[in-house]
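In what follows, a structure is listed as structure tokens, so that the remarks can point back to it.
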Amino acid sequence: MTRLSSDPTSNLDREFDSAIFSFEEIQAELNYKKAQDSLRELVENLDLTAQEVVGLESEINGLATMLDKLERTCIQIAAFGMVGRGKSSVLNSLLGQNVFETGPLHGVTRTSQGANWTGDSGDVLRVAFPGVANSQIELIDTPGIDEVEGTQREALAHQVAKNADLLLFIVSGDMTKVEFEALSQLREVGKPMLLVFNKIDQYPDADRMAIYRKIRDERVKELLSPEEIVMVAASPLVAQAVRRADGGRGVQRVPGKPQVEELKRKIIEILHREGKSLVALNTMLYAGDVNEQLVQRKMEIREESANQLIWKAVMTKALAIALNPVTVVDLLSGAAIDIAMILGLSRLYGISMNQQGAVGLLKRIAISMGGISASELLATLGLSSLKGLLGLSAPVTGGISLAPYLSVAITQAGVAGVSSYAIGQVTKTYLANGASWGPDGPKAVVSRILASLDETSILNRIKNELSAKLGS
Ligand SMILES: Nc1nc2c(ncn2[C@@H]2O[C@H](COP(=O)(O)OP(=O)(O)O)[C@@H](O)[C@H]2O)c(=O)[nH]1
Ligand SMILES: [Mg+2]
59 MTRLSSDPTS NLDREFDSAI FSFEEIQAEL NYKKAQDSLR ELVENLDLTA QEVVGLESEI
119 NGLATMLDKL ERTCIQIAAF GMVGRGKSSV LNSLLGQNVF ETGPLHGVTR TSQGANWTGD
179 SGDVLRVAFP GVANSQIELI DTPGIDEVEG TQREALAHQV AKNADLLLFI VSGDMTKVEF
239 EALSQLREVG KPMLLVFNKI DQYPDADRMA IYRKIRDERV KELLSPEEIV MVAASPLVAQ
299 AVRRADGGRG VQRVPGKPQV EELKRKIIEI LHREGKSLVA LNTMLYAGDV NEQLVQRKME
359 IREESANQLI WKAVMTKALA IALNPVTVVD LLSGAAIDIA MILGLSRLYG ISMNQQGAVG
419 LLKRIAISMG GISASELLAT LGLSSLKGLL GLSAPVTGGI SLAPYLSVAI TQAGVAGVSS
479 YAIGQVTKTY LANGASWGPD GPKAVVSRIL ASLDETSILN RIKNELSAKL GS
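Mapping of the sequence shown onto my numbering: residues 59 to 530, in sequence order.
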């Protein structure tokens, strides 16, 4: 494709790169492989002239490379701590299954067994989250920091920590010197970390809070912020009335339900902040959980992620259109972005959809949208040649015609962005409704959403962001 090649070129190129980069971020929310295949297939099937392909190649390849990189992304969460503090129990409570062996004896964690293990390297045990297809999450259990000899332990801990995305340091009471030193060393690796105060069921409230404050205000004051400390009971013991063999009554301590919601919430927040895939995480942490509050939270996070994803697609499309002076590329890259957005949303809502399905849905929505897609089409067809002309003439006239170029481009891009926004909202509603249009059919859903959209304010938001990006 032809690029503007006067002064602001490098600027625009950079903006375009960052558009592709935000596209990458969208992909981070998806099932990478599927979206990647769909996009590639889509692009391969485009009926472009040789000249047009040449222009598109670098973008397509760049995208593919980034997608490849993302595809290999795997989230690793590693647990550290002294023996018996509950490292294995905490990981089990996250999994919702007893996969890591626990017990009062030393060394339990050092013997591997079972078919679920996915790569037992030496003293470190990893397990991929079971029950989620193509799980991208690995939980890593390590031997107690007091179990392995000094330098060897340090090297091992360092190695595990270096590769992990999140470190959990487990204690079960006030910290010892050994714990403090190990924590300090791990902190140096610079990875996000949570200090997990486990076994809180063992302490009366007052004692628990006293220990918590001691840890927070004295032990790790310099190393961790209060938000990085969380209290849990991964495997609490609860009193249960029992009838003894002799007919008398007694009390027995039996394992109760883990109290780890706060930990799950913090893990999600941290990894979200780090830009790691929320989809996989939510699936992992909330799989099979019927707790209403958690379901509610999951819905909120999903809604939030969906809106973010839609907005990124809107801006990616708007920016791409503003910068591409060739009509056919406008239309095709626009559709590719809408389709990627639909695929992304479908992943987010756990509804599997292939590229054909996404194309079908896009067509359906576009038909039902009537007005708005027609106006986008008109705007694109009517203005693109003008945009191309102005864009191409820029170098000759020394950039004088850039101003009208940008204002036309931004208007056109804004219209396209609004249509993507509407398509995104319609898709979200459809998916949230279990991939169904409901009794009244797609037209009714689309008109309801279109009626509720504040087009002017969305358009202004797009224009403002674009103007800021393009420096006009
Ligand atoms: N009361 C209580 N006991 C726990 C809790 N978490 C773990 N435990 C017990 O502590 C012991 C050691 O746990 P484990 O997970 O094997 O510790 P690890 O050596 O750090 O992996 C086991 O007997 C667990 O049942 C908890 O929250 N409350
Ligand atoms: Mg263990």
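Heads up, the beta-carbon is just placed ideally off N, CA and C, and yes, glycines get one too. For clarity, every value in this text was computed on a predicted model and none was experimentally measured.
- By the neighbour-count criterion, in which 16 or more other beta carbons inside 10 Å mark a residue as buried, Pro316 falls on the buried side.
- Scanning its chain for C-beta atoms nearer than 6 Å, with the 5 sequence neighbours on each side dropped, one finds around Thr160 the residues Ser146 and Ser147, in chain order.
- Taken through DSSP and simplified to helix, strand or coil, Ile359 comes out as helix.
- Proximity to Leu225 across Leu321, Gly499 and Gly408 peaks at Leu321, based on C-alpha coordinates.
- Taken through DSSP and simplified to helix, strand or coil, Gly248 comes out as coil.
- If you look at Gln317, you'll find it isn't in any beta strand (DSSP E); DSSP assigns it neither H nor E.
- Taken atom to atom, the span from the alpha-carbon of Glu239 to that of Ala213 is near 14 Å.
- Judged by DSSP secondary structure, Met427 falls within the alpha helix (DSSP H) whose first and last residues are Gln413 to Met427.
- Counting of Cβ neighbours within 10 angstroms places Asn150 among the buried residues, the total reaching 16 or more.
- Contact annotation, Ile135 with Ile228: C-beta distance approximately 12 Å; criterion of less than 8 Å not satisfied.
- With contacts defined by Cβ atoms closer than 9 Å, Tyr479 and Ile516 form a contacting pair.
- CA-CA distance, Ile468 to Ser510, rounds to 24 Å.
- The continuous beta strand (DSSP E) containing Met289 extends over residues Ile287 to Met289.
- Ala474 is a Cβ neighbour of Lys375, given a cutoff of 9 Å.
- Look at Phe238: its beta carbon is at least 8 Å from all of the heavy atoms in ligand 2.
- Apart from the 5 residues on each side of it in sequence, Val309 sits with its Cβ closer than 8 Å to the Cβ of Ala297, Gln298, Ala299 and Val300 in its chain, given in chain order.
- Contact between Thr485 and Leu419 holds, since their C-beta atoms are separated by about 7 Å, short of 8 Å.
- In this structure, Leu281 lies near Ser242, with their beta-carbon atoms less than 9 Å apart.
- Per DSSP, the unbroken beta strand (DSSP E) holding Arg301 starts and ends at Leu295 to Arg301.
- Residue environment: Val504 is assigned as buried (16 or more neighbouring CB atoms within 10 Å of its CB, all protein chains considered).
- Straight across, the Cα-Cα distance linking Leu406 with Glu362 is about 11 Å.
- In this structure, the straight-line span from the alpha carbon of Arg266 to that of Ile258 is close to 7 Å.
- Here DSSP, grouped into helix, strand and coil, assigns Leu225 to strand.
- The DSSP-derived three-state label of Ile198 is strand.
- Beta-bridge pairing by DSSP links Leu253 to Phe227 and Ile287.
- Look at Val229: its beta carbon is at least 8 Å from all of the heavy atoms in ligand 2.
- Taking 8 Å as the upper bound for CB-CB distance, Thr200 and Phe138 are in contact here, some 6 Å apart.
- The three-state reading of DSSP puts Gly475 in helix, counting H, G and I together.
- Note that the C-beta distance between Met411 and Ala371 is not below 9 Å.
- The residues Met140 and Val141, in chain order, have a CB closer than 6 Å to that of Gly202 in the same chain once the five nearest residues on each side in sequence are set aside.
- The shortest CA-to-CA distance from Ile359 to any of Ala493, Arg323 and Ala393 is the one to Arg323.
- Here the alpha carbon of Arg245 sits roughly 8 Å from the alpha carbon of Met251.
- Per the C-alpha coordinates, the member of Ala393, Gln260, Ile287 and Val236 positioned closest to Arg311 is Gln260.
- In the structure shown, the three-state DSSP call for Ile328 is helix.
- C-alpha of Pro500 to C-alpha of Ala394: approximately 22 Å in a straight line.
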